[in-house]
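Report on the following structure.
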Amino acid sequence: MSSIIILKNMENYSPEQTISHFVKAAERANMYCFYITTKLYKDGYFYSAEGTLSEVDEITFKHIEDEDNIRYFTFNINRAREDLYDSFTWLTDDKNRLVLFCC
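Residue numbering for the sequence shown follows my numbering, beginning at 6 and increasing consecutively.
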């Protein structure tokens with residue numbers, strides 16, 4: 006399994022908007038975006054979300070016996086957290102970036 010980390014400017018970052026961007030990107034790529042589950046804190050603030058992008062629709066994906074024969078990946082979207090601010094500064098000179106998601 007491969008992984009990817011995408012860095013995004015923290016300025017005006019919205020995890021909810023990022024989910025919307027995933028859905029739109031999937032549509033443009035003729036893929037399906039599903040299994041999006043969102044976790045919230047007790048106070049209602051966004052904590053994280055995860056989902057799947059696949060070349061087959063959700064019903065087909067759930068009933069396929071051999072997932073190795075289809076192209077898909079799962080993704081995680083996280084809120085900006087203080088403890089992540091310096092975690093990936095070695096990747097960029099811009100300290101105003103945050104880890105957006107890992108796949």
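We treat Cβ as the ideally placed atom computed from N, Cα and C, and that holds for glycine. Since we're looking at a predicted model, the values are computed, not measured.
Self-check item: Among Ile11, Gly56, Tyr37 and Ser19, nearest to Arg84 - alpha-carbon criterion
Solution: Ranked by how close their Cα comes to the Cα of Arg84, the residues Ile11, Gly56, Tyr37 and Ser19 have Ser19 in first place.
Quiz item: Are Phe27 and Phe80 touching if we call contact CB-CB under 9 Å?
Solution: Result yes, Cβ atoms of Phe27 and Phe80 sit closer than 9 Å.
Self-check item: Given Ile24 as reference, the closest of Asn74, Ile64 and Thr42 once Cα atoms are compared
Solution: Thr42
Quiz prompt | First through last residue of the alpha helix (DSSP H) which encompasses Ser25 | solution = Pro20 to Arg33
Exercise. Write down the C-beta distance between Leu112 and Tyr77 rounded to the nearest angstrom, noting that I regard them as a contact closer than 8 Å.
Key: Within the shown structure, residues of the chain are numbered from 6 to 108, placing residue 112 beyond reach of any answer.
Quiz item: What do you get for Gly56, buried or exposed, if any count of 16 or more other CB atoms within 10 angstroms of its CB means buried?
Solution: By the 10 Å Cβ count, Gly56 comes out buried.
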